Amino acid sequence: MEKDVPIVVVKEVGKSYGTVEALKEVSFVVERGEIFGLIGPDGAGKSTLFRILTTLLLADKGTATIGGLDVATDYKQIRTKVGYMPGRFSLYQDLSVEENLEFFATVFHTTVQENYDLIKDIYQQIEPFRKRRAGALSGGMKQKLALSCALIHKPDILFLDEPTTGVDPVSRKEFWQMLRNLREQGITIVVSTPIMDEARQCDRIAFINHGKIHGIDTPERILQQFASILCPPSLEREEVRHETAPVIEVEQLTKCFGNFTAVDHISFQVNRGEIFGFLGANGAGKTTAMRMLCGLSKPTSGIGKVAGYDIFREAEQVKKHIGYMSQKFSLYEDLKVWENIRLFAGIYGMKEQEIERKTEELLDRLGLADERDTLVKSLPVGWKQKLAFSVSIFHEPRIVFLDEPTGGVDPATRRQFWELIYQAADQGITIFVTTHYMDEAEYCNRISIMVDGQIKALDTPARLKQQFGAETMDDVFQQLARGAVRKAD
């Protein structure tokens, strides 16, 4: 096919799920060899569009072609020409790195050896861990493996649905360098992302909202035109002062797995009502440290106290006096809104009358009174997120641990979530949060940054930027994380 003919042509595509219109007369083209971005809030229709273009879903109306082939009638041919990294599933967690790659090569009737040159630069970074289960890899390593698997049959075009969700800033930077290298090899890339710094690296972006494309242009023009949704202003906060008694005390805390020291003699304190950012690259030891503080994993040595309870001897008391929310799991999707609230309140030992009263108050406050009988899986992502956070502090804990709570969430919804965090902190609840978004790091009172299992920096965002001669927290993070000796594995 001629080079100046678009590789993707979408004309008036529509798709409904019952009464919900996911896509409404969507039309656009993607030129060969470009990086084309799809940007929009959660629930805008991005994933539905990806699934149609990769022949996994049929549109209700309209047409779409990939390389001149119709997605409805020529799906078998198209599947040999596209690579796809979906947002949630692309690897077999129980297969090893090597087995995943061989499996995908077999599916496409090729071999790893035949197209190894295409993935060599990416795969060499994970090859030392080729015998390790995919589920045991860090976020950055999983991402590299998934990209290798998507490329192994030498596709003409790559579809990447939020490929860097849950991945640290250093790994994200490496990933986008890989995409630029692939473009130079003639591969067209269509990518969705909730991260505006990534959107700026596309040649063109389309802004999609409520199933409609509202504009297609250069990144700067689109981000300027739809700034209220894509680039909301930073939050301002007048901090409420609380007594400075520490609610988390850690001294020389260490965790070893065999000969490997995941957390290496860390020490710090966190005060009441403080928003404490706990940062680090994938594999730095953050999750292991947080599991110890939540009473889920016993330390090898050192001292840790949370809400006045010893994490080694009084782990059950620790669990009762904290709240917890993670990106991966926090609500039961097949339970109704009120059933989720009741379940978690019961787990935390709250009394029946108190649960009933506070449930009504919470639903009114969140504007979810009309959704009390709605299954959680039917809620928009932003609502789920607000509900999950509110449930995690429903029993009024002294501390709430948030493990990457805004991963994969659009900028406007993330801002709303941080307003809830500020409200909780103003009430005296201590917030202990991990995040890979460096703009969120700016919202914390203090930040620690872990490298190779140790805390290498701890201070306010302003002082850290001053100390490292940096303009942003992303610059600080990049400087520290690049000094890591052990690889995120």
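Counting with our numbering, you get residues 252 to 740 for the letters of the sequence shown. Glycine included, C-beta positions come from ideal geometry on N, C-alpha and C. These numbers were taken from a predicted model, which means no experiment stands behind them.
Beta strand (DSSP E) segment containing residue i, residue limits
i, result
"F529", "526-531"
"N522", "511-522"
"S298", "No beta strand (DSSP E) contains S298, which is instead part of the alpha helix (DSSP H) from 297-304."
"L274", "271-281"
"I438", "I438 -> no beta strand (DSSP E), and no H or E assigned at all."
"G313", "312-317"
Own chain partners of residue i with C-beta closer than 8 Å, once the 5 adjacent residues on each side are dropped
i, result
"Y268", "none"
"Y343", "E350, N351, F354, A385"
"R733", "V421"
"L238", "No statement about residue 238 is possible, as the shown extent of the chain runs from 252 to 740 and does not include it."
"E670", "L486"
"I606", "I592, R593, A596, G597"
Test item: CB-CB of residue i and residue j under 8 Å
i, j, result
"K537", "F527", "no"
"Q636", "P656", "yes"
"I286", "C453", "yes"
"T539", "A566", "no"
"N366", "I403", "yes"
"F645", "L613", "yes"
"A558", "I672", "no"
"A457", "I467", "yes"
"I377", "V421", "no"
"R434", "G284", "yes"
"V277", "L307", "no"
"L504", "I554", "yes"
"G338", "T415", "no"
"I459", "G294", "no"
"G313", "K262", "yes"
"V736", "D703", "yes"
"H493", "G659", "no"
"L709", "L638", "no"
"N533", "S341", "no"
"M429", "I373", "yes"
"D311", "K266", "yes"
"G462", "D419", "no"
Bounding residues of the alpha helix (DSSP H) (the contiguous stretch that carries residue i)
i, result
"D615", "603-617"
"R455", "Per DSSP, R455 belongs to no alpha helix (DSSP H); it is in the beta strand (DSSP E), 455-460."
"P420", "420-435"
"R697", "Looking at the DSSP string, R697 is not in any alpha helix (DSSP H); the run it does join, the beta strand (DSSP E), is 697-702."
"K332", "First-last for K332: undefined, no H or E at that position."
"K556", "Segment 552-557 is the beta strand (DSSP E) holding K556; no alpha helix (DSSP H) there."
"L402", "390-402"
"D368", "367-374"
"E349", "348-358"
"K537", "537-544"
Nearest candidate by alpha-carbon position, reference residue i, set the options
i, options, result
"V358", "C400, A596, R665, V348", "C400"
"I706", "A397, Q718, H516", "H516"
"E282", "L586, S298, A273, V256", "V256"
"R714", "E693, D654, R542", "E693"
"V642", "L274, D468, L619", "L619"
"A596", "F380, L289, T610", "T610"
"K570", "Q578, K556, Y583, S389", "K556"
"K405", "A387, Q364, Y326", "Q364"
"R666", "K463, E487, L626", "E487"
"T198", "D311, L411, F380", "Nothing about residue 198 can be read from this structure; the chain reaches only from 252 to 740."
"R608", "R593, Y599, Q475, I598", "R593"
"L309", "D703, S341, T331, A273", "A273"
"D561", "V501, G509, G437", "V501"
"T331", "H360, Q729, T685", "H360"
Neighbourhood of residue i by C-beta distance below 7 Å, restricted to the same chain and skipping five residues each side
i, result
"M252", "With a pLDDT of only 44 at M252, under the threshold of 50, the placement of this residue in the model should not be trusted, and no figure is reported."
"Y335", "T305, A401, F410"
"R542", "S548"
"T469", "R455"
"P631", "D293, G294"
Distance between beta carbons of residue j and residue i, contact taken as under 8 Å
i, j, result
"V264", "A315", "6 Å"
"I224", "P292", "In the structure as shown, the chain starts at 252 and stops at 740, and residue 224 therefore has no counterpart that could be examined."
"L653", "I700", "About 17 Å; that fails the 8 Å criterion."
"I499", "L547", "Not confirmed; about 15 Å, so no contact."
"K506", "T439", "Actually they do not touch by this definition, with Cβ atoms about 45 Å apart."
"V333", "I258", "That belief does not hold up - the Cβ atoms of V333 and I258 are roughly 10 Å apart, past 8 Å."
"E525", "T681", "6 Å"
"V588", "R623", "5 Å"
"K549", "D585", "Not a contact, Cβ separation roughly 33 Å."
Contacting residues, own chain, Cβ-Cβ under 6 Å from residue i (five flanking each side not counted)
i, result
"G288", "V442, A450, C453, I456"
"V260", "V280, T316"
"P497", "Q520, N522"
"G574", "S643, I644, P648, V651"
"N696", "E525, I526"
"D661", "P292, D293, P445"
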